[in-house]
Amino acid sequence: MADPVLSVVNLRKVFTIREGGRRRADLAAIDELTFDVERGGAFGVVGESGSGKTTLARIIVGLETPTVGQVLVCGGDRRQLGRRASERKAWARRAQMVFQDPYSSFDPRQRVADSIEEVLKLHFSLSPSEQSKRVAELLDQVGLDQRHGRALPRGLSGGERQRAAIARALAIKPDLLILDEAVASLDVSIQSQILNLLSDLRQETTVSYLFLSHDLAVIRQVTDNAIVMREGRIVEQGATDGILDRPQHPYTKLLLSCVPAPRWKPRRTRSEREAAAVERNT
Amino acid sequence: MTALLDIENLRVELPVEGKLTTVIRNVSISVAEREAVAVVGESGSGKSMTARSALRLLPRDAAVSGDVRFLGESVFEMDSRSLRAYRAECVGMIFQDPRAHINPVRTIGDFLTESLISTRSMKPREARSRVTKLLDDVGVSRAEHRLRQFPYELSGGLLQRVMIASALAMEPKLILADEPTTALDVTTQSDVMSILDEARQERGMGLLFITHDLELAAAVSDRTVVMYAGTIMEDQQSSRLHDTPMHPYSAALIASRPSPHQRQRLTAVAGRPQSASEAPSGCPFGPRCSFRRDECSEAPAAPRVLPGGRTGCIRAEDLGLVAANQLEPIRHG
């Protein structure tokens with residue numbers, strides 16, 4: 026793939042956990058992970074709890090370091106950065122993250138417009154009038170207005186706050202937007218607004234998405250390509266439509282068969298889960 | 016069919032900043048033996064408050080009218096002794112977050128056997144072997160070992176199974192489950208729902224199932240009640256809800272959920288869900304509804320009983336929302 030926006034090469038992350046007393050054990054949260062995200066693409070990472078998808082997101086933005094392997098954002102490796110602030114800032118402009126919980130990702134005492142402005146101040150040298158114009162533009166882009174900008178985070182609803190988080194992430198025109206379960210905590214009617222917003226933003230900007238979610242319907246809605254992760258490893262990868270229409274791995278089949286729908290019946294999954302665990306990872 | 020639980024014309028007001036604010040408006044729901052009724056709604060719809068009312072677990076300063084009856088006896092008029100017995104033996108409650116509802120400093124064994132020992136006067140050893148069997152039933156492996164563990168040593172999925180085991184331990188006639196699978200993975204969700212389903216089939220237990228997930232509700236319940244802003248929007252057979260919603264709000268909810276099988280632009284509902292206190296008089300969904308007419312502001316709070324179910328929409332007939340529903344005989348009211 027020519028010039029991928031994100032390149033993950035043979036990534037491995039090991040956490041050492043205590044098993045009571047002095048005994049320690051190594052847990053590989055991510056193992057042998059390799060994939061590329063093309064520029065302008067929308068890439069899905071499907072996984073249940075413990076699949077390693079959040080660890081992956083944290084490594085990409087630099088909140089964790091890999092044990093083995095490489096993560097290249099726009100061809101650059103974060104570990105080869107110099108110490109200069111300007112270099113680090115330039116690197117930070119490449120990838121931004123939107124977290125699951127819009128309640129805890131804002132400073133409760135800072136007005137929404139101010140928290141967006143702070144990012145602009147840090148990264149660009151704009152005049153005050155240019156700055157407030159850009160804030161208004163960003164708010165408008167995510168369907169908010171001046172009134173929301175003047176509000177404190179607690180004065181916004183969950184959906185409005187998630188829009189504000191997306192506006193703040195877009196402020197520095199990142200190449201890659203990482204959305205970690207970004208719609209999971211939203212009400213159904215708000216979720217659809219945000220999903221539509223995300224597909225509109227893709228038309229209007231050049232941003233690429235890395236969308237992490239356990240929700241297969243949401244993955245289908247926003248992504249073109251995807252990987253399915255289980256216990257830190259890829260079990261299936263390819264075009265999203267292909268994976269969901271013709272799943273190959275028993276684990277993907279199991280996930281799909283557990284999505285509730287009218288006329289679906291719940292069932293015990295222990296034997297299927299064991300079968301999926303035995304199947305060789307592809 | 017005898018009604019196990021009968022919530023009738025329930026109205027709940029809570030003091031917010033010194034002023035009484037309505038959170039539930041004229042809600043009537045009944046659950047029969049062996050029946051699973053789902054209550055679906057977004058945040059602020061009053062679905063959890065409805066479940067809490069069924070156990071009389073409301074704040075002391077709440078103003079309540081209407082009635083909740085269990086097997087004909089009014090829960091609101093019970094004295095403290097019978098209320099205790101009702102909560103302990105007749106109804107099992109499962110909450111969304113098991114970690115917040117299981118004592119963190121006692122073992123799983125203590126938590127599970129407590130009610131059997133104190134209420135049923137069982138011998139500790141007998142109680143332990145009983146709950147070991149129960150844990151096994153709900154799919155917890157190495158049950159003996161789990162009894163000695165503390166809640167923090169168990170994953171969310173396992174702990175939710177422990178809570179279900181505790182709710183089933185007293186063999187209640189009715190289970191109230193408030194978002195029991197929201198924090199769980201889909202595979203675990205399938206397990207948990209099938210455990211509840213089995214208990215219902217085998218023991219004739221009733222289930223009042225609170226959820227935000229319309230698809231899950233449709234799949235696991237006999238009847239679905241859709242709530243919005245403390246008001247019942249519609250109530251009908253779950254198997255028909257997705258094909259023939261009886262209220263524009265339910266139709267909008269169904270259309271706004273993406274599907275794992277195809278991709279198409281979602282029909283989003285403008286605005287955000289409102290709570291009962293913010294909602295206008297008449298139909299609370301009015302301001303967000305694309306079929307709104309002036310007369311909607313005079314719609315009654317309680318839904319109308321129609322063949323096939325109940326709907327709060329006064330335009331249901333002229334919008335063609337009830338035509339297809341007239342095949343089924345009346346089940347409620």
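Respectively, the protein sequence lines represent chains A and B.
Just so you know, we're using my numbering here: the first sequence kicks off at 26 and counts up by one.
Just so you know, we're using my numbering here: the second sequence kicks off at 16 and counts up by one.
Even for Gly, the Cβ is constructed at its ideal location relative to N, Cα and C.
- Secondary structure in the region 85-145 of chain B: the beta strand (DSSP E) runs of 3 residues or longer, each lying completely within the stretch, are 106-109 in chain order.
- Counting C-beta pairs closer than 8 Å gives fewer than three between the region 186-194 of chain B and the region 89-98 of chain B, which falls short of the contact rule.
- Membership of Ala283/B in any alpha helix (DSSP H) is not indicated, and neither H nor E is assigned to it by DSSP.
- Residues of the region 285-296 of chain A with a C-beta atom less than 9 Å from some C-beta of chain B are Pro285, Ala286, Pro287, Arg288, Trp289, Lys290, Pro291, Arg292, Arg293, Thr294 and Arg295, listed in chain order.
- In the structure shown, the three-state DSSP call for Ile268/A is helix.
- Beyond the five residues adjoining it in sequence on each side, Val93/A comes within less than 6 Å, by CB distance, of Arg37 in the same chain, given in chain order.
- Judged by their CB atoms, Leu98/B and Arg71/B are nearer to each other than the 8 Å cut-off.
- By the Cβ neighbour-count rule, Val31/B is exposed, with fewer than 16 other Cβ atoms within 10 Å of its own.
- When DSSP states are grouped into helix, strand and coil, Thr246/B belongs to the strand group.
- In the displayed model, Arg71/B falls within coil according to three-state DSSP, outside both helix and strand.
- Put simply, the backbone Cα of Arg49/B is about 28 Å away from that of Gly171/B.
- The beta-carbon distance between Phe40/A and Ala54/A, rounded to whole angstroms, is 6 Å. This is short enough to meet the 8 Å contact definition.
- Beta bridge pairing from DSSP links Ile252/A with Val70/A and Gln262/A.
- Here the alpha carbons of Ser274/B and Met242/B stand approximately 22 Å from one another.
- The C-beta distance from Thr246/B to Ala291/B rounds to 7 Å, short enough to fall under 8 Å.
- Rounded to the nearest angstrom, the Cβ distance from Gly184/A to Ile215/A is 3 Å, consistent with a contact under 8 Å.
- Within the region 247-329 of chain B, the complete alpha helix (DSSP H) segments at least 4 residues long are 253-256 and 263-271, listed from N- to C-terminus.
- Here Asp56/A has Arg37, Gly257 and Arg258 as same chain residues with Cβ atoms under 6 Å from its own Cβ, once five neighbours each way along the sequence are excluded.
- Among the residues facing chain A, Ala233/B is included, as its CB has a counterpart in that chain under 8 Å away.
- Excluding sequence positions up to five before and after Ile329/B, its CB lies within less than 6 Å of the CB of Ala314, all in the same chain and listed in chain order.
- Tyr276/A sits in a helix when the DSSP states are folded into three classes.
- As for any alpha helix (DSSP H) of minimum length 4 sitting wholly inside the region 126-196 of chain A, the runs are 137-148, 153-166, 171-175 and 183-195, ordered along the chain.
- Contact between the region 123-141 of chain B and the region 178-191 of chain B is present, with at least three C-beta pairs closer than 8 Å.
- Residues of chain A with a Cβ closer than 7 Å to the Cβ of Ser181/B do not exist, since the nearest Cβ in that chain sits about 20 Å away.
- The three-state reading of DSSP puts Glu213/B in helix, counting H, G and I together.
- No Cβ of chain A is located within less than 8 Å of the beta carbon of Met178/B.
- By the rule that beta-carbons nearer than 8 Å mark a contact, Val160/A does not touch chain B.
- Close partners of Cys283/A in chain B (Cβ separation under 8 Å): Val201, Thr202, Gln204 and Ser205.
- DSSP lists Thr37/B and Ala78/B as the beta-bridge partner residues of Glu28/B.
- Boundaries of the alpha helix (DSSP H) harbouring Thr79/A: Lys78 to Val86, taken from the DSSP string.
- Within the region 148-193 of chain B, the runs of beta strand (DSSP E) at least 3 residues long that lie entirely inside it are, in chain order, 189-193.
- Our two residues, Gln228/A and Asn221/A, have alpha carbons roughly 11 Å apart in a direct line.
- Pairing Ala232/B with Leu20/B, the inter-Cα distance amounts to about 19 Å.
- Between Ser254/B and Pro291/A, the C-beta spacing is not below 8 Å.
- One alpha carbon belongs to Arg140/B, the other to Ile117/B, and they sit about 21 Å apart.
- In this structure, Leu235/A sits away from Val123/A, with a CB-CB distance that is not shorter than 8 Å.
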